[in-house]
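Student: Note that the working numbering has the first sequence beginning at 338, numbered continuously upward.
All residues carry an ideal CB built from backbone N, CA and C; glycine is no exception.
I am attaching a structure below and will ask some questions about it afterwards.
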Amino acid sequence: MLDIKFVRENPDIVKENIKKKFQDAKLPLVDEVIELDKENRAAQTEADQLRADKNKIAKQIGALMGQGKKDEAEELKAQVKKDADRLTELEKKNSELKERIQKIMYQIPQIIDDSVPIGEDDTHNVEIEKFGEPVVPDFEVPYHTDIMERFNGIDLDSARRVAGNGFYYLIGDIARLHSAVISYARDFMIDRGFTYVIPPFMIHGNVVEGVMSFPEMDAMMYKIEGEDLYLIGTSEHSMIGRFIDQIIPEKDLPMTLTSYSPCFRKEKGAHGMEERGVYRIHQFEKQEMIVVCRPEESKIWYDKLWQNTVDLFRSLDIPVRTLECCSGDLADLKCKSCDVEAWSPRQKKYFEVGSCSNLGDAQARRLRIRIKGENGNYLAHTLNNTVVAPPRMLIAFLENNLREDGSVAIPKVLQPYMGGKTELRA
RNA sequence: GGAGAGGUAUCGAAGCGGUCAUAACGAGGCGGUCUUGAAAACCGUUUGGCGGCGACGCCACAUGGGUUCGAAUCCCAUCCUCUCCGCCA
338 MLDIKFVREN
348 PDIVKENIKK
358 KFQDAKLPLV
368 DEVIELDKEN
378 RAAQTEADQL
388 RADKNKIAKQ
398 IGALMGQGKK
408 DEAEELKAQV
418 KKDADRLTEL
428 EKKNSELKER
438 IQKIMYQIPQ
448 IIDDSVPIGE
458 DDTHNVEIEK
468 FGEPVVPDFE
478 VPYHTDIMER
488 FNGIDLDSAR
498 RVAGNGFYYL
508 IGDIARLHSA
518 VISYARDFMI
528 DRGFTYVIPP
538 FMIHGNVVEG
548 VMSFPEMDAM
558 MYKIEGEDLY
568 LIGTSEHSMI
578 GRFIDQIIPE
588 KDLPMTLTSY
598 SPCFRKEKGA
608 HGMEERGVYR
618 IHQFEKQEMI
628 VVCRPEESKI
638 WYDKLWQNTV
648 DLFRSLDIPV
658 RTLECCSGDL
668 ADLKCKSCDV
678 EAWSPRQKKY
688 FEVGSCSNLG
698 DAQARRLRIR
708 IKGENGNYLA
718 HTLNNTVVAP
728 PRMLIAFLEN
738 NLREDGSVAI
748 PKVLQPYMGG
758 KTELRA
């Protein structure tokens, strides 16, 4: 979401940005919205003038009524009526234009950061850095659900009967491991100065529209029937929504928060939904980090955020890498984003376990999240990143900590959360 | 879910068809006077959005409609909060 003033004054930058994202079909929208905006402002100026006249006359009528001059008042009333139709017409035009403008503005992508690599789709994403040695053991690493089954740790058959494909029962030590990872991740972030928050798991439609684009919303969000409520796809949604219509004092920034929530996703149109296992599912749990900060600080926070995730995975002996999203793969609301990917010794490649995004002022503009500055208010920047989403983390965890004899090593940092166990044995 | 009360600025709270709605009156914040410093007292200041180069104008009293020349005020709908009752982790 851009500022219409910015679009008006910098149409070339906006168009160039659309081209960089390989969305040329949207190019005509720029001139269209500028034209609509021009019409809209003309209509508003005229309507404002008519309203000013009306207000003035209404005041005069009040004064005359007070003095008991009824006849003169009646004369003025007739005058007001004369312009009433024109004003109604303008007001209608105004609201129609506003709606059309907003609809287009929702489709024009955020200006991407200069550093974002240009590319048409995810095949052009760029590896930034590797952390840890990606080891391929001598023995064969089984599929993650097979490892879980050795510990009687998962029941997908029952889950399918009860809720359908895309759900799981985690059981025993595997379930405990899941909770341990979440608890550890929570404390890990608290130790780094983040404030722990448990948010609502359902939110109103206007908040959903504020935090994500329409295509994302359609593909992800479950709606509660008969109510203006959606199940959150990530706690980012309710965490950013928390600041809707707020003006935050500068001294309260940056807000550094870490939130826990279950996440519900339709995964409409996503590949891999058929895949057996817990990689892509309709419900999972996640520890998230959120930052609301001043615009000039968002780039620094972006780097700190993904680094947190890397550090967390490294503390569990899981090799990771960061993969930067190229322009064409970047969601329209984002300025910059990267995935943190964990090493899979079984697949001998990295796979996504988290995603770090700088939204710039896009969400702030949609939700009117402002900062109270000394010289007026200005829009905040918002960022979010996955600390850890256990189902995917468990895949990486089990594969990387599996020993040849079938046992699974539990790293030291996680042991306190597992009742002191140093390993899992079937 | 039932009954009642209510939603006005940072907070409390008045206004209940025009002539004090940017909004009284308190409190808080900020600036100043006084003071060695602080407190107290006193003075000043303190909503957000839109249009316009500006002068200035428009909009907003939970939200959306309606009545009226004119709505915070009257009518309708919706949402939310509080109290009591019911139900319930």
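Report the rounded CA-to-CA distance for Arg740 versus Val534, giving the unit in angstroms.
Tutor: Whole-angstrom Cα-Cα distance: 36 Å.
Student: When the Cα atoms are used, what is the spatial distance from Lys407 to Gln397?
Tutor: Each residue's alpha carbon lies about 12 Å from the other.
Student: State the start and end residues of the unbroken beta strand (DSSP E) segment that holds Met485.
Tutor: Premise fails: Met485 lies in the alpha helix (DSSP H), His481 to Arg487, not in any beta strand (DSSP E).
Student: Taking DSSP as the reference, what is the three-state secondary structure of Pro599?
Tutor: Three-state DSSP puts Pro599 in a strand.
Student: Distance check for Cys662 and Gly456, CA to CA, integer angstroms please.
Tutor: Rounded to the nearest angstrom, the two C-alpha atoms are 9 Å apart.
Student: Assuming Lys357 and Ser664 make a contact with CB atoms under 8 Å, what is their CB distance in whole Å?
Tutor: 5 Å between Cβ atoms; contact.
Student: Using three-state DSSP, classify Phe650 as helix, strand or coil.
Tutor: Phe650: helix per DSSP, three-state reduction.
Student: Can you tell me the Cα-Cα spacing of Asp669 and Ala415, whole angstroms?
Tutor: Between Asp669 and Ala415, the C-alpha separation is close to 52 Å.
Student: On a Cα-Cα basis, can you pick out the residue from Gly403, Ser495, Asp640 and Asn392 that is closest to Leu424?
Tutor: Nearest option by C-alpha distance: Asn392.
Student: Please tell me whether Gln447 and Ala699 are closer than 8 Å, where the distance is taken between their beta carbons.
Tutor: Closer than 8 Å, so yes.
Student: With three or more C-beta pairs closer than 8 Å as the rule, is the segment 357-373 touching the segment 721-730?
Tutor: As far as the Cβ criterion goes, the segment 721-730 does not touch the segment 357-373, which means the pair count is below three.
Student: Please state if the CB of Val657 and the CB of Glu625 are separated by a distance shorter than 8 Å.
Tutor: Cβ distance not < 8 Å, so Glu625 and Val657 don't count as in contact.
Student: Taking the C-alpha atoms as reference points, what is the distance between Phe734 and Gln620?
Tutor: Their Cα atoms are separated by approximately 19 Å.
Student: Give me the Cα-Cα distance between Lys430 and Lys418, rounded to the nearest whole angstrom.
Tutor: Approximately 19 Å, taken between the alpha carbons.
Student: With the cut-off set at 8 Å, would you say Met755 and Leu514 are in Cβ contact?
Tutor: For Met755 and Leu514, yes; Cβs fall inside 8 Å.
Student: Tell me whether Ala679 sits in a helix, a strand or coil according to DSSP, three-state version.
Tutor: Strand, per DSSP.
Student: In chain order, what residues of the same chain lie with their CB nearer than 7 Å to the CB of Ala763, ignoring the 5 residues before and after it?
Tutor: If we look at Ala763 and ignore the five residues flanking it on each side, its Cβ neighbours are Arg487, Phe488 and Gly743.
Student: Are the beta-carbon atoms belonging to Gly530 and Ala512 less than 8 Å from one another?
Tutor: For Gly530 and Ala512, no; Cβs fall outside 8 Å.
Student: Indicate whether Tyr772 and Ile540 have their beta-carbon atoms separated by less than 8 Å.
Tutor: Outside the displayed range of the chain (338 to 763) lies residue 772, so it cannot be described from this structure.
Student: From the DSSP output, which residues share a beta bridge with Tyr559?
Tutor: Tyr559 pairs with Leu568.
Student: Assess contact between the segment 572-582 and the segment 547-554, defined as three or more Cβ pairs (one per stretch) separated by less than 8 Å. Is contact present?
Tutor: The answer is yes - the segment 547-554 touches the segment 572-582, with three or more Cβ pairs under 8 Å.
Student: Suppose you measure from the CA of Tyr443 to the CA of Gly691; what does that come to, to the nearest Å?
Tutor: For Tyr443 and Gly691, the distance between alpha carbons rounds to 26 Å.
Student: By the DSSP assignment, the beta strand (DSSP E) with Gly756 in it spans what residues?
Tutor: Per DSSP, Gly756 belongs to no beta strand (DSSP E) and is neither H nor E.
Student: Could you check if Leu364 is buried or exposed, using at least 16 other CB atoms within 10 Å of its CB as the buried criterion?
Tutor: Burial call: exposed.
Student: Tell me the DSSP bridge mates of Glu477?
Tutor: For Glu477, which the question treats as bridged, DSSP gives no partner whatsoever.
Student: What three-state label does DSSP hand Tyr639 in the structure shown?
Tutor: Note: Tyr639 maps to helix in three-state DSSP.
Student: By how many angstroms is the C-alpha of Ile445 removed from the C-alpha of Phe650?
Tutor: Distance between the alpha carbons of Phe650 and Ile445: 36 Å.
Student: Count the other CB atoms, across all protein chains shown, that sit within 10 Å of the CB of Met402; report buried if there are 16 or more and exposed otherwise.
Tutor: So Met402 counts as exposed.
Student: Starting from Pro777, follow its DSSP beta bridges and name the residues at the other end.
Tutor: What the structure shows of the chain is the stretch from 338 to 763, and residue 777 is not part of that stretch, so it cannot be assessed.
Student: For Asn377, count neighbouring Cβ atoms within 10 angstroms of its own Cβ and tell me buried if that reaches 16, exposed if not.
Tutor: Its Cβ being crowded by 16 or more others within 10 Å, Asn377 is buried.
Student: Measure the beta-carbon distance from Glu633 to Pro591 and round it to whole angstroms, keeping in mind my assumption that it falls under 8 Å.
Tutor: Between Pro591 and Glu633 the Cβ distance is about 11 Å, and since that is not below 8 Å, they are no contact.
Student: Give every residue of the same chain whose Cβ lies closer than 7 Å to the Cβ of Gly710, excluding the five residues on either side of it in the sequence, and list them in chain order.
Tutor: Hits under 7 Å: Glu587.
Student: Along the chain, which unbroken stretches of the beta strand (DSSP E) at least 3 residues long are found entirely within the segment 505-549?
Tutor: 532-534, all fully within the segment 505-549.
Student: Among Arg523, Ile484 and Phe525, which residue has its Cα nearest to the Cα of Leu507?
Tutor: For the residues Arg523, Ile484 and Phe525, the minimum Cα distance to Leu507 belongs to Ile484.
Student: Quick one, are the C-beta atoms of Leu653 and Cys675 less than 8 Å apart?
Tutor: It is not a contact, given that the beta carbons lie outside the stated cut-off.
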